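Residue numbers (mature numbering (1 follows the signal peptide of the UniProt record, and there is no 0)): -18 to -1, 1 to 211.
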């Protein structure tokens, strides 16, 4: 296959592997791609964190339009359950990669909705119970990181997925149902937060385990007033 089709194939394989479908057949296909391009495979837990390593994840991250569209087409089984809370919400918002192209510092960005989706997604992955605060930590790490993609590309993709729409000649705004669900997400986050015993346990423990702990105050300080209001 040409390099163009290989990139599409790699992005699709990454999506399938991330959906708990790392089967023998998928492993064979991934092995073919890793050997062809001398990639590292992060799915079998045989590599350690290496900033220089070229992995399927990092390749798929470089092509968000391909990866998010592929994941949307694959449609994980939990999508329907989560979308029942937010009818007619663009399914692309369920993809973790949306954080990398969402203009997080722009006015009207649906932070509450994004957080709520991440909390709901976590409940469908049993392995995440081992790291109960992983979701909260990840979303704020991404939010505080430098921009990966130019604004022009971000707005183009968000408009394609009907997450934003034109508002004048040079500006965009989030569509009405995204804004509405962002308001509705606020009390739902408060409810989920109160129900999550791991937060209370971590707070009471004083975060003695610095190696594996997550900074509770750092994570929630920008939003504590919003949650309690």
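We put the beta carbon where it would ideally sit given N, CA and C, even for glycine. Bear in mind that the values here come from a model prediction, so they are computed numbers and not experimental data.
Would a C-beta distance cut-off of 8 Å place residue 131 and residue 83 closer than the cut-off?
yes
Note the first and the last residue of the continuous alpha helix (DSSP H) segment covering residue 133.
133 to 142
Using a Cβ-Cβ cut-off of 6 Å (strictly less than) and excluding sequence neighbours within five positions of residue 147, which residues of its own chain qualify?
157
Check residue 49 in the structure and name its three-state DSSP category.
helix
Cα-Cα separation between residue 137 and residue 154, rounded to whole angstroms:
8 Å
Own chain partners of residue 23 with C-beta closer than 8 Å, once the 5 adjacent residues on each side are dropped
12, 13, 16, 29, 37, 38
Residue 97, buried or exposed, once every other Cβ within 10 Å from all chains shown has been counted against 16:
buried
Rounded to a whole number of angstroms, what is the C-alpha to C-alpha distance between residue 53 and residue 45?
12 Å
Give the range of the beta strand (DSSP E) segment to which residue 154 is assigned.
154 to 156
Closest residue to residue 55 among 76, 149, -15, 170 (Cα-Cα distance)
76
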